[in-house]
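J.:
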Amino acid sequence: SAVISQKPSRDICQRGTSLTIQCQVDSQVTMMFWYRQQPGQSLTLIATANQGSEATYESGFVIDKFPISRPNLTFSTLTVSNMSPEDSSIYLCSVAQGADTEAFFGQGTRLTVV
Amino acid sequence: AQSVSQHNHHVILSEAASLELGCNYSYGGTVNLFWYVQYPGQHLQLLLKYFSGDPLVKGIKGFEAEFIKSKFSFNLRKPSVQWSDTAEYFCAVRRDTGGFKTIFGAGTRLFVKA
Chain A
1 SAVISQKPSR DICQRGTSLT IQCQVDSQVT MMFWYRQQPG QSLTLIATAN QGSEATYESG
61 FVIDKFPISR PNLTFSTLTV SNMSPEDSSI YLCSVAQGAD TEAFFGQGTR LTVV
Chain B
1 AQSVSQHNHH VILSEAASLE LGCNYSYGGT VNLFWYVQYP GQHLQLLLKY FSGDPLVKGI
61 KGFEAEFIKS KFSFNLRKPS VQWSDTAEYF CAVRRDTGGF KTIFGAGTRL FVKA
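Chains as they are written, first to last, in the working numbering: chain A, 1 to 114; chain B, 1 to 114.
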């Protein structure tokens, strides 16, 4: 299994500002993903963080709004840009070691935009 | 597009009752299947997983699930629920192609009455 640390664990931000969320894994992982879990809802995949190249975004998510970095096999960041109250959500980092293992999740970052 | 459908959004049971939560997916190729649980205030945890082999898989805490390929289903069962099983349950599917993304169903909130 992998131990995932996310920072910050929670934050309250003003609309129009940006927040960068960090995801650190205790071992090298092949795959890293970012999800959003809006209040009372399921997990929605935002993007796949690709090491050394641009992230792959899902329909409805764009790089200008959610820029992602992944400089190495153990670390990634997700930025929520120009925030609005609709961005209030839990943002989760997820990793998988390979095709034959399940995805592991961090504790998430609870973001409130006021 | 690939989708995961969970039939029940809210389930209320008494202790010792049997549980079955339905899950269907739309992808026709090879898939990996998962059930995750999220206890109140906690992060996602894996209940069980199916990659190949015996379609009846057993997970933690007495849960099991059966993969029926012809029905594109992966229903979760437990013969006798406990109050501590109160949680939200998510069915998830990962394709063998397309970047190994894990897609989640909408979730089922289970409340077990003591």
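Heads up, the beta-carbon is just placed ideally off N, CA and C, and yes, glycines get one too.
Do residue 42 (chain A) and residue 2 (chain A) come within 8 Å of each other at the CB atom, strictly closer than that value?
T.: no
J.: Let me see if you follow: with CB-CB separation under 8 Å, is residue 33 (chain A) close to chain B or not?
T.: yes
J.: Return the first residue and the last residue of the beta strand (DSSP E) that residue 63 (chain A) is part of.
T.: It is not in any beta strand (DSSP E) - residue 63 (chain A) carries neither H nor E in the DSSP assignment.
J.: So, is residue 63 (chain A) buried or exposed, given that buried needs 16 or more other C-beta atoms within 10 angstroms?
T.: exposed
J.: According to DSSP, simplified to helix, strand and coil, what is residue 71 (chain A)?
T.: strand
J.: Nearest to residue 68 (chain B) by alpha carbon, out of B:81, B:90, B:51, B:87?
T.: B:51
J.: Using a C-beta to C-beta distance shorter than 7 Å, which residues of chain B count as neighbours of residue 103 (chain A)?
T.: Neighbours of residue 103 (chain A) on chain B, chain order: 102.
J.: Using the C-alpha atoms, what's the distance from residue 16 (chain A) back to residue 48 (chain A)?
T.: 25 Å
J.: Less than 8 Å between C-beta atoms, sequence neighbours within five positions excluded: which residues of the same chain meet that for residue 11 (chain B)?
T.: 19, 21, 108, 109, 110, 111
J.: With a threshold of 8 Å between beta carbons, is residue 109 (chain A) in contact with chain B?
T.: no
J.: Give me, in chain order, the residues of the same chain whose beta-carbon lies closer than 6 Å to that of residue 30 (chain B); leave out the 5 immediate sequence neighbours on both sides.
T.: 96
J.: Is the beta carbon of residue 22 (chain A) sitting closer than 8 Å to the one on residue 74 (chain A)?
T.: no
J.: Count the CB pairs spanning the region 68-78 of chain B and the region 101-109 of chain A that are closer than 8 Å, and state whether there are at least three.
T.: no
J.: Note down, in chain order, every chain B residue with its Cβ under 7 Å from the Cβ of residue 100 (chain A).
T.: 51
J.: Between A:114, A:100, A:112, which has its C-alpha nearest residue 34 (chain B)'s C-alpha?
T.: Among A:114, A:100, A:112, the Cα nearest to that of residue 34 (chain B) belongs to A:100.
J.: If you count every other CB in all the chains shown that lies within 10 Å of the CB of residue 102 (chain B), and 16 or more means buried, which is it?
T.: buried
J.: In chain order, what residues of the same chain lie with their CB nearer than 8 Å to the CB of residue 65 (chain A), ignoring the 5 residues before and after it?
T.: Setting aside the 5 residues that flank it on each side, residue 65 (chain A) is surrounded in the same chain by 80, 81, 82, each with a C-beta closer than 8 Å to its C-beta; the list follows chain order.
J.: Taking 8 Å as the CB-CB limit, is residue 96 (chain A) close to chain B?
T.: At least one CB of chain B lies nearer than 8 Å to the CB of residue 96 (chain A).
J.: Figure out for me which residue from B:54, B:17, B:37, B:41 has the closest Cα to the Cα of residue 60 (chain B).
T.: B:37
J.: Report the rounded CA-to-CA distance for residue 102 (chain A) versus residue 49 (chain B), giving the unit in angstroms.
T.: Cα-Cα distance, rounded: 7 Å.
J.: Say whether chain B places a C-beta atom closer than 8 Å to the C-beta of residue 48 (chain A).
T.: Interface annotation, residue 48 (chain A): in contact with chain B, CB-CB separation under 8 Å.
J.: What number of angstroms, rounded off, separates the C-alpha of residue 79 (chain B) from the C-alpha of residue 4 (chain A)?
T.: Going from the Cα of residue 79 (chain B) to the Cα of residue 4 (chain A) covers about 33 Å.
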